[in-house]
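Chains as they are written, first to last, in the numbering used here: chain A, 1 to 179; chain B, 1001 to 1425.
Comments concern the structure below.
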């Protein structure tokens, strides 16, 4: 069974925010909310500084706290690619998932339900990449099946140094940043 | 009946009016327009105070029903009813407050049919629902007695032991699961409060505060309704609170020590200051007061100590629900006036309904009945074979207590309830 994830090359990313704009357009994300965003992390002390630019979103964690704390099962792991999704109809808006997500990836939609990145599952089903991946002008994002040893993403993760965000949270995130 | 507009009624009216306005805004314009909540800070005062404190302050219900009906400590019987009434009202208000806080309140019934048993929130949802029903059953004898429905009353009394055991199990689960709720925020909740022991802490502190609430409201209702209080019973409750509080303090200290979190205590940060206030106000001061028999047995001392426990408890829940989550969220949260208006309205409504219930239902019936039973005027019927508990107390509208639309009735205050209540079984 597929297990979708992303590998994002921080050496290529320039933080142009195309992914952010594409996501908002593709998914009709209401004004004031974002399913993905750019993080700039400046490390070190002058003159030995390093800047990492990351395109971040829901990590579709293998051990997702938002799924285990949801009282109704509205937050669920979809069998297709084990993508973490929210059933808008089942959601009661208790905000436990928003509180539990270490990444701040979720928001409460003006309609009252919890919302977040879906890995553009509607596009992936038709064989396309998620919108953010598809529009990236530097081709820094790679989407694919982490469980398939022959996939592009598996090869990248096998050959390049990489890290995840907040691995200490213990949620086993599935978005990796190549360094 | 003439309705008087006293100072407090006007205040209550204003509070409820502002609450109504806030309610309209909340349900027409949404959470964003009415609250200062954000996606960085999803739970605010409606969770921190209305839910956490509402449930906690209702803990007197299960503590006392367990003491009387399971452990058979009969001398606490006289305070069971007010405690159950407080708990029932507390839970009704919690359910009410939930509607405000949920993003999709009309889906509140979903956990009934859509199950995720792994979820703490699922446990919380079921506990709220089931325990509110149990409290309704525990409360209902007051209503049946008033209505004189002896058959229903007898049926409810038959199942009382089962109901009480259910209630104790459910509220044990519920008090602790509210602590577990914050276990889903590791790395977000400040180390002064985040602990794997949170469920135990929530449970232990709820026992202390349950007893304190009973003491607190007994003194308040004595003032408001001129009921006599059974001081020795309240002193005993103070001792129970003391034991629970000492155990709670000990565990919290050991926990902080084992997690190397003692270093965060200090006046340097907001968290450190509020932690010190919480411990000093809610644990250190009342423990010292209650540990000295002379202060514990003094009505003023007992009342002050229990008030401090209640205040410290509220501070603890607000610290867990709000203060401790602030630093990691990156935003500052202070409730909007509408959030405060709703909260204060709920508290005000709670007081008002409690007052109405005390006036019109046999809440303090134990004492009243005993006092009445010695009078020739008393109309009492024995239901079943246990003399005191099964007395059907008919409380007509023209009896001094019921007809008194305030504390103005002189005949109520003159009744020497305390001596009579000591004579009962």
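All residues carry an ideal CB built from backbone N, CA and C; glycine is no exception.
> For a contact meaning CB atoms closer than 7 Å, what does residue 1116 of chain B contact in chain A?
Replying inline: Working through the second chain from its first residue, we reach residue 1116 of chain B at position 116. For residue 1116 of chain B, the neighbours in chain A by C-beta distance under 7 Å run, in chain order, 70, 71, 72 and 73.
> Contact check, residue 69 of chain A vs residue 84 of chain A under 8 Å by CB: the rounded distance?
Replying inline: Sequence index remark: in the first chain, residue 69 of chain A carries index 69 (1-based). Sequence index remark: in the first chain, residue 84 of chain A carries index 84 (1-based). Their Cβ separation, rounded to whole angstroms, is 12 Å, which puts residue 69 of chain A and residue 84 of chain A out of contact at 8 Å.
> Between which two residues does the beta strand (DSSP E) carrying residue 1337 of chain B extend?
Replying inline: Translated into positions along the second chain, residue 1337 of chain B becomes position 337. Per DSSP, residue 1337 of chain B is not a residue of any beta strand (DSSP E); the alpha helix (DSSP H) it occupies stretches across 1337 to 1360.
> Which two residues bound the contiguous beta strand (DSSP E) that contains residue 81 of chain A?
Replying inline: Taking the first residue of the first chain as position 1, residue 81 of chain A is located at position 81. Element bounds for residue 81 of chain A: n/a, residue is neither H nor E.
>> Strictly below 8 Å CB to CB, what residues from chain B border residue 64 of chain A?
In response: Locating residue 64 of chain A in the first chain gives position 64, counting from the first residue. Here the premise fails: no neighbours, minimum Cβ distance about 11 Å.
> Can you give the Cα-Cα distance for residue 1053 of chain B and residue 1318 of chain B, rounded to whole angstroms?
Replying inline: Mapped onto the second chain, residue 1053 of chain B falls at position 53. Mapped onto the second chain, residue 1318 of chain B falls at position 318. When rounded, the separation of the alpha-carbon atoms in residue 1053 of chain B and residue 1318 of chain B is 8 Å.
> Going along chain E in order, which residues have a C-beta closer than 7 Å to the C-beta of residue 1185 of chain B?
Replying inline: In summary, chain E is missing from the structure at hand, where the protein chains are A and B.
> Among residues of its own chain, excluding the 5 on either side of residue 1328 of chain B, which ones have a beta-carbon nearer than 6 Å to its beta-carbon?
Replying inline: What you label residue 1328 of chain B is simply residue 328 of the second chain in a count that begins at 1. Exclusion of the five residues before and after residue 1328 of chain B leaves 1188 as the residues of its chain whose Cβ lies within less than 6 Å of its Cβ.
> Taking the beta strand (DSSP E) that residue 144 of chain A falls in, what are its first and last residues?
Replying inline: In the first chain, counting from the first residue as 1, residue 144 of chain A sits at position 144. Residues 141 to 145.
> Residues of chain A with a CB under 7 Å from the CB of residue 1119 of chain B: which are they?
Replying inline: Position 119 of the second chain holds residue 1119 of chain B. Here the neighbours are 68, 69, 70 and 71.
> Are at least three pairs of beta-carbons, each pair with one atom in the region 1139 to 1152 of chain B and one in the region 1094 to 1106 of chain B, less than 8 Å apart?
Replying inline: No contact exists between the region 1139 to 1152 of chain B and the region 1094 to 1106 of chain B.
> If the cut is a Cβ gap below 7 Å, which residues of chain B does residue 169 of chain A touch?
Replying inline: Translated into positions along the first chain, residue 169 of chain A becomes position 169. Chain-ordered, the chain B residues with CB closer than 7 Å to the CB of residue 169 of chain A read 1187.
>> Could you check whether residue 117 of chain A and residue 22 of chain A sit closer than 8 Å to each other, using their CB atoms as the reference points?
In response: Here residue 22 of chain A refers to the residue found at position 22 of the first chain. Here residue 117 of chain A refers to the residue found at position 117 of the first chain. No, the Cβ-Cβ distance between residue 22 of chain A and residue 117 of chain A is not below 8 Å.
> Taking buried to mean at least 16 other C-beta atoms within 10 Å of its own C-beta, is residue 159 of chain A buried or exposed?
Replying inline: Mapped onto the first chain, residue 159 of chain A falls at position 159. So residue 159 of chain A counts as exposed.
> Along chain A, which residues have their Cβ under 8 Å away from the Cβ of residue 1008 of chain B?
Replying inline: To locate residue 1008 of chain B, count along the second chain from 1; it is residue 8. Going along chain A, no residue has its Cβ under 8 Å from residue 1008 of chain B, so there is no contact; the nearest lies around 35 Å.
> To the nearest angstrom, how far is it from the Cα of residue 1263 of chain B to the Cα of residue 1193 of chain B?
Replying inline: Taking the second chain and counting its residues from 1, the one referred to as residue 1263 of chain B is at position 263. Taking the second chain and counting its residues from 1, the one referred to as residue 1193 of chain B is at position 193. Answer to the nearest angstrom: the Cα atoms are 13 Å apart.
>> Once the 5 residues before and after residue 1310 of chain B are set aside, which same chain residues still bring their CB inside 8 Å of it?
In response: On the second chain, residue 1310 of chain B is found 310 positions in, with the first residue counted as 1. Only residues of its own chain outside the window of five on either side were considered, and among them 1057, 1209, 1212, 1213 and 1216 have a CB closer than 8 Å to the CB of residue 1310 of chain B, listed in chain order.
>> Check for me: the alpha helix (DSSP H) holding residue 1333 of chain B runs from which residue to which?
In response: If you number the second chain from 1, residue 1333 of chain B lands on position 333. For residue 1333 of chain B, there is no enclosing alpha helix (DSSP H), as DSSP gives it neither H nor E.
> Got a sec: is the Cβ-Cβ distance from residue 164 of chain A to anything in chain B below 8 Å?
Replying inline: As a working note, residue 164 of chain A is residue 164 in the first chain. It does not; no Cβ of chain B falls within 8 Å.
>> Please return the same chain residues whose Cβ sits closer than 6 Å to the Cβ of residue 1019 of chain B, not counting the five positions on each side in sequence.
In response: Stepping through the second chain from its first residue, residue 1019 of chain B is reached at position 19. Excluding sequence neighbours, residue 1019 of chain B sits near 1341, 1342 and 1345.
> For the alpha helix (DSSP H) that contains residue 1008 of chain B, what are its first and last residues?
Replying inline: Numbered from 1 along the second chain, position 8 holds the residue referred to as residue 1008 of chain B. In this chain, the alpha helix (DSSP H) harbouring residue 1008 of chain B covers 1007 to 1029.
> So, does the CB of residue 175 of chain A fall closer than 8 Å to a CB anywhere in chain B?
Replying inline: Walking along the first chain from the start, residue 175 of chain A turns up at place 175. False, the Cβ-Cβ gap to chain B never drops below 8 Å.
>> Considering only the alpha carbon of each residue, which of B/1030, B/1048, B/1009 and B/1016 lies closest to residue 1325 of chain B?
In response: Translated into positions along the second chain, residue 1325 of chain B becomes position 325. The candidate whose alpha carbon is nearest that of residue 1325 of chain B is B/1048.
> How about residue 7 of chain A and residue 145 of chain A: do their beta carbons lie closer than 8 Å?
Replying inline: Within the first chain, numbered from 1, the residue matching residue 7 of chain A stands at position 7. Within the first chain, numbered from 1, the residue matching residue 145 of chain A stands at position 145. Their beta carbons are not under 8 Å apart, which means residue 7 of chain A does not touch residue 145 of chain A by this criterion.
> Using 8 Å as the limit for Cβ to Cβ distance, is residue 110 of chain A near chain B?
Replying inline: By 1-based counting over the first chain, the position of residue 110 of chain A is 110. Cβ-Cβ to chain B under 8 Å: yes for residue 110 of chain A.
> Can you give, in chain order, each stretch of the alpha helix (DSSP H) that sits fully within the region 1055 to 1086 of chain B and has at least 4 residues?
Replying inline: For the region 1055 to 1086 of chain B, whole alpha helix (DSSP H) runs of length 4 or above, ordered along the chain, are 1060 to 1065.
>> Out of B/1301, B/1330, B/1351 and B/1348, which one is the CA nearest neighbour of residue 1037 of chain B?
In response: Taking the first residue of the second chain as 1, we reach residue 1037 of chain B at position 37. Selection B/1301, B/1330, B/1351 and B/1348 evaluated against residue 1037 of chain B yields B/1330 as nearest (Cα-Cα).
> Which of the three DSSP states, helix, strand or coil, is assigned to residue 1370 of chain B?
Replying inline: The residue given as residue 1370 of chain B occupies position 370 in the second chain. Only weak support is given to the placement of residue 1370 of chain B: the predicted model assigns it a pLDDT of 41, under 50, and the question is left unresolved by the model.
> How far does the alpha helix (DSSP H) with residue 50 of chain A in it reach, from first residue to last?
Replying inline: Numbered from its first residue, the first chain carries residue 50 of chain A at position 50. Taken as a continuous stretch (DSSP letters only), residue 50 of chain A belongs to no alpha helix (DSSP H), being part of the beta strand (DSSP E) at 48 to 57.
> Interface residues of chain B around residue 106 of chain A at Cβ under 9 Å?
Replying inline: Taking the first chain and counting its residues from 1, one reaches residue 106 of chain A at position 106. Under the 9 Å cutoff, chain B gives 1039 and 1042.
> So residue 1245 of chain B packs on residue 1283 of chain B, CB below 8 Å; how close in whole Å?
Replying inline: Looking up residue 1245 of chain B in the second chain gives position 245. Looking up residue 1283 of chain B in the second chain gives position 283. 6 Å between Cβ atoms; contact.
>> Taking its Cβ as the centre, do 16 or more other Cβ atoms sit within 10 Å of residue 1338 of chain B, making it buried, or is it exposed?
In response: Working through the second chain from its first residue, we reach residue 1338 of chain B at position 338. Residue 1338 of chain B is buried by the Cβ-count criterion.
> When the Cα atoms are used, what is the spatial distance from residue 1152 of chain B to residue 1062 of chain B?
Replying inline: For this step, residue 1152 of chain B is matched to residue 152 along the second chain. For this step, residue 1062 of chain B is matched to residue 62 along the second chain. So the two alpha carbons sit approximately 23 Å from each other.
> Can you name, in chain order, every residue of its own chain whose Cβ lies under 8 Å from the Cβ of residue 1376 of chain B, other than the five neighbours on each side?
Replying inline: Within the second chain, numbered from 1, the residue matching residue 1376 of chain B stands at position 376. Annotation note: pLDDT 31 at residue 1376 of chain B (below 50); position unreliable, coordinate value reported separately. Counting only Cβ-Cβ distances below 8 Å, and skipping sequence neighbours, we find nothing.
> Closer than 8 Å, CB to CB, is residue 1122 of chain B near chain A or not?
Replying inline: One-based indexing of the second chain puts residue 1122 of chain B at position 122. Chain A, which has a Cβ nearer than 8 Å to the Cβ of residue 1122 of chain B, makes this yes.
>> Based on DSSP bridge pairs, tell me the residues matched to residue 8 of chain A.
In response: Sequence index remark: in the first chain, residue 8 of chain A carries index 8 (1-based). Note: residue 8 of chain A sits in a beta bridge opposite A/141 and A/177.
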